[in-house]
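**Student:**
Protein chains: 2
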Amino acid sequence: MSFEAFEPGYKIAVVGAGAVGCYYGGKLARNGGNVHFLMRSDLAAVRKQGLHIRSQDGGFHLERVNAHASTEEIGPCDLVIVALKTTSNPALDALIPPLLKENTAVLTLQNGLGNEEFLAGRFGTQRIMGGLCFVCLNRTAPGVIEHYGYGTLSIGEFGRASQERTRRIVEDFAATGITTRLVENLATERWRKLVWNVPFNGLSIAGGGITTDLILADEGLHKLTRNLMAEVMAAAGNEGHVIPHEFIEEQVRRTLKMGAYKPSSLIDYLDGREVEVESIWGEPYRRGLASGTEMGRMEALYYLLKKLTPPGMVRHR
Amino acid sequence: MSFEAFEPGYKIAVVGAGAVGCYYGGKLARNGGNVHFLMRSDLAAVRKQGLHIRSQDGGFHLERVNAHASTEEIGPCDLVIVALKTTSNPALDALIPPLLKENTAVLTLQNGLGNEEFLAGRFGTQRIMGGLCFVCLNRTAPGVIEHYGYGTLSIGEFGRASQERTRRIVEDFAATGITTRLVENLATERWRKLVWNVPFNGLSIAGGGITTDLILADEGLHKLTRNLMAEVMAAAGNEGHVIPHEFIEEQVRRTLKMGAYKPSSLIDYLDGREVEVESIWGEPYRRGLASGTEMGRMEALYYLLKKLTPPGMVRHR
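Chains as they are written, first to last, in the working numbering: chain B, 1311 to 1627; chain E, 1311 to 1627.
1. Hey, would you say residue 1392/E sits closer than 7 Å to residue 1445/E, going by beta carbons?
2. Can you tell me where the alpha helix (DSSP H) with residue 1404/B in it begins and where it stops?
3. Are the C-beta of residue 1571/E and some C-beta of chain B separated by less than 7 Å?
4. Near residue 1397/E, which residues of its chain fall below 7 Å by C-beta distance, leaving aside the five closest residues on each side in sequence?
5. Given residue 1469/E, which residues of its chain have a CB within under 7 Å of its CB, disregarding the five upstream and five downstream residues?
6. Which partner residues of residue 1389/B appear in the DSSP bridge assignment?
7. Is the distance from the Cβ of residue 1513/E to the Cβ of residue 1542/E below 7 Å?
8. Around the C-beta of residue 1366/E, are 16 or more other C-beta atoms found within 10 angstroms, so that it is buried, or is it exposed?
9. Taking Cβ-Cβ distances shorter than 7 Å, what residues in chain E pair up with residue 1528/B?
10. For a contact meaning CB atoms closer than 9 Å, what does residue 1607/B contact in chain A?
11. Kindly identify the DSSP beta-bridge partner or partners of residue 1609/B.
12. In whole angstroms, what is the alpha-carbon distance linking residue 1525/B and residue 1540/B?
13. Once the 5 residues before and after residue 1373/E are set aside, which same chain residues still bring their CB inside 7 Å of it?
14. Using a 10 Å radius around the Cβ and a threshold of 16 neighbouring Cβ atoms, would you call residue 1389/E buried or exposed?
15. Give the secondary structure of residue 1456/B by DSSP, where H, G and I count as helix, E and B as strand, and everything else as coil.
16. Do the stretch 1531-1538 of chain E and the stretch 1602-1618 of chain B make contact, defined as three or more Cβ pairs closer than 8 Å?
17. Measuring only between beta-carbons, confirm whether residue 1579/E sits less than 7 Å from chain B.
18. Indicate whether residue 1353/B and residue 1379/B have their beta-carbon atoms separated by less than 7 Å.
19. Three-state secondary structure (DSSP) at residue 1627/E?
20. So, with DSSP's three-state summary, where would you put residue 1428/E?
21. Excluding the five sequence neighbours on either side, which residues of its own chain have a C-beta within less than 7 Å of the C-beta of residue 1344/E, listed in chain order?
22. As a quick exercise: from 1516/B, 1495/B and 1350/B, pick the residue whose alpha carbon is nearest that of residue 1552/B.
23. Grouping DSSP H, G and I as helix and E and B as strand, with all else coil, what is residue 1394/B?
24. Can you tell which of 1382/E, 1588/E, 1327/E and 1568/E has the C-alpha that lies nearest to the C-alpha of residue 1404/E?
25. If we cut at 7 Å on Cβ distances, does residue 1614/E have a partner in chain B?
26. If contact means a Cβ-Cβ distance below 8 Å, which residues of the stretch 1488-1519 of chain B contact chain E?
27. Label residue 1337/E either buried or exposed according to how many other C-beta atoms from any shown protein chain fall within 10 Å of its C-beta, with 16 as the threshold for buried.
28. Contact between the stretch 1440-1454 of chain B and the stretch 1566-1584 of chain B: three or more CB pairs below 8 Å?
29. Following the continuous beta strand (DSSP E) through residue 1490/B, name the residue where it begins and the one where it ends.
30. Taking buried to mean at least 16 other C-beta atoms within 10 Å of its own C-beta, is residue 1581/E buried or exposed?
31. Note down the Cα distance separating residue 1419/B from residue 1562/B, rounded to an integer number of angstroms.
32. Name the chain E residues whose beta carbon is nearer than 7 Å to that of residue 1566/B?
33. Residue 1534/E CB to nearest chain B CB: under 7 Å?
34. For chain E, check one thing: does any of its Cβ atoms lie closer than 7 Å to the Cβ of residue 1531/B?
35. Just the C-alpha distance for residue 1462/E and residue 1517/E, rounded to the nearest angstrom, thanks.
36. Do you know whose CA, among 1351/B, 1544/B and 1377/B, lies nearest residue 1502/B's CA?
Laid out in structure tokens, this is it:
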């Protein structure tokens, strides 16, 4: 299997054209990328009116979008970007194979832990890359993505050092104007991101639907946030991903500057969409238990969130 | 200070005439007890129409009730029953002194930990007794108490063996038809009750307003319930109150039989009343921390409940 850098005009599929898929895929397409979107409910709207990215940092409109109803219709690609909600991962078993040829790379931009492992187990370890999105997005209508802020990407190989293809993909994202970082230890980066997501995404829901500023302004939840971060860091450390203790202080400081921020899981929850409970809380909790880490706070938060956000729930606002 | 058994016709004050105070005080009064109720919002209604206790086990109506607007009006008593919500404990500083003479006993029927200590610090250790109520009650209108089930009492001295007065009070409650148990280690009993209250009262609120059967039917919350019980038992053990591990299984079995039960804190929460967060979760959490007990699940639950049920909250149903 060869993984040289892609030829010019290499073909890209975006599987899971929600907010993340449309935003990052749309950026590549706008910059001349040969991007093909798998769409379901938004297909007709996007074929008719294209893709609208609204943003204070400069939104844009893609009039003509390669929107497809199936991955068979898209056919084999050089790069598959997986941006499906992790709650829909089982669907990937059927969606991915039509997109693969010998050297197709599969880049998951999904949240939490376990997604690279899931894809590697099915489609081969060497294909797999992962990306972490630090962004606040919402799909507000069919084909309409609202970008509220941030947007940086961190991209790396799954379980190995960066390759020529990694640098190429990082360059291509960077060329669209997105701050993109190549990371040499993807697993450590995933854990570092969870240090933030576990408390803030979780407490924003379990705390009654509150923004990050209210979590930090509450003395008890502020303390719980720091202690949850320490649990996640201990679990990471027990898997060999050492995160220095000062990271907690940095995260708190950074979050205070963000103001009344709605974590992505809170947006999902308030909009009645499924919350990615297993990849953000379930998998780190199980990994922590497996390595003998004390995970009491994480356990409480995980099981409460699982109950509060049942699969397939639709809440009425 | 002498604490002989009370003379016949001994005078009793009930401070905090909510559901618990009216139910237990009403039982004593109906049986000929010389009971005086401190009332606030219900005073006019009770003076006019008396006290209604509704129950499937046989309700009753007290036509004439000694209802008072102040403890000065009641004056010195032989026994003071404290049934105020623990969230109003600071009010006791002013309410109790007019009721005291040299050998007045003070029996708190309040929930959780720390109430005997609170009263002992202010009014003298030797006066203090405690009672645990296993009952499901709700005040549904001024002067109207709904009794949904259970009702047993466990009564003991604070920090010492039972006295003649303890036996007398136990007998007098038993004579009203209430199953009443004299306990020789009140503190252990308080911890044992918390083994149930901490998970069930807490998760019924934090889990989204659910009854105990739904907590146990949910695989994650069921596991969390047992692990929270183990944390409470570890904290109790570190204070010398050994509760055998089988207690967890017993509590789960007992609760399964209760069906769709609403813990008292859930009723408070749903009715928009303050929840007794400090005495049920805060104090045991702090005691556990002080004795070096690992209390991660308790910490998460405590701080979430504190945020979800702010003091003075009034929710609209």
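C-beta atoms are modelled at their ideal positions from N, C-alpha and C, and glycine is treated no differently.
**Tutor:** So, to answer that:
1. Not a contact, by the Cβ cut-off of 7 Å.
2. Its alpha helix (DSSP H) spans residues 1402-1405.
3. Residue 1571/E is outside the set of residues whose beta carbon lies under 7 Å from a beta carbon in chain B.
4. The beta carbon of residue 1397/E sits closer than 7 Å to the beta carbons of 1584, 1586 and 1621 from its chain, once the five residues preceding and following it are set aside; these are given in chain order.
5. Answer for residue 1469/E: 1435, listed in chain order.
6. Residue 1389/B pairs with 1322/B and 1415/B.
7. Between residue 1513/E and residue 1542/E, the C-beta gap is not smaller than 7 Å, which leaves the two residues out of contact.
8. When all chains shown are included, residue 1366/E counts as exposed.
9. Around residue 1528/B, the beta-carbon contacts reaching into chain E at under 7 Å are 1617.
10. Here the protein chains are B and E, and chain A is not one of them.
11. For residue 1609/B, no pairing in a beta bridge is given by DSSP.
12. The alpha-carbon atoms of residue 1525/B and residue 1540/B are separated by roughly 17 Å.
13. Excluding residues within five positions, the ones whose Cβ falls inside 7 Å are 1360.
14. Result: buried.
15. Looking at residue 1456/B - three-state DSSP - the assignment turns out to be strand.
16. Between the stretch 1531-1538 of chain E and the stretch 1602-1618 of chain B there are three or more C-beta pairs closer than 8 Å, enough to call the two in contact.
17. It does not: the Cβ of residue 1579/E has no partner Cβ on chain B nearer than 7 Å.
18. Annotated as proximal: residue 1353/B and residue 1379/B, with beta-carbon spacing under 7 Å.
19. Any reading at residue 1627/E needs caution, since the residue's pLDDT is 41, under 50, leaving its predicted position unreliable; the model's value is listed next. In this structure, residue 1627/E counts as coil in the three-state DSSP scheme.
20. Reduced to three states, the DSSP call for residue 1428/E is helix.
21. Counting only Cβ-Cβ distances below 7 Å, and skipping sequence neighbours, we find 1319, 1320, 1321 and 1322.
22. Of all alpha-carbon atoms in 1516/B, 1495/B and 1350/B, the one lying nearest the alpha-carbon of residue 1552/B is that of 1495/B.
23. When DSSP states are grouped into helix, strand and coil, residue 1394/B belongs to the coil group.
24. Of the candidates 1382/E, 1588/E, 1327/E and 1568/E, the one whose C-alpha sits nearest the C-alpha of residue 1404/E is 1382/E.
25. Nearest CB-CB separation between residue 1614/E and chain B: below the 7 Å threshold.
26. Result list: 1513, 1516, 1517 and 1518.
27. By the 16-neighbour rule on beta-carbons within 10 angstroms, residue 1337/E is buried.
28. The stretch 1440-1454 of chain B, when compared against the stretch 1566-1584 of chain B, does touch it at the 8 Å Cβ threshold.
29. Residue 1490/B -> beta strand (DSSP E) spans 1490-1492.
30. When all chains shown are included, residue 1581/E counts as exposed.
31. If I take the Cα positions, the gap works out to 24 Å.
32. Listed by position along chain E, the residues whose Cβ is nearer than 7 Å to that of residue 1566/B form an empty set, because the closest Cβ is around 18 Å away.
33. Residue 1534/E has a beta carbon lying within less than 7 Å of a beta carbon in chain B.
34. Residue-level contact check: residue 1531/B touches chain E, since one or more beta carbons of chain E fall below 7 Å from its beta carbon.
35. Whole-angstrom Cα-Cα distance: 28 Å.
36. Comparing Cα positions, the closest option is 1544/B.
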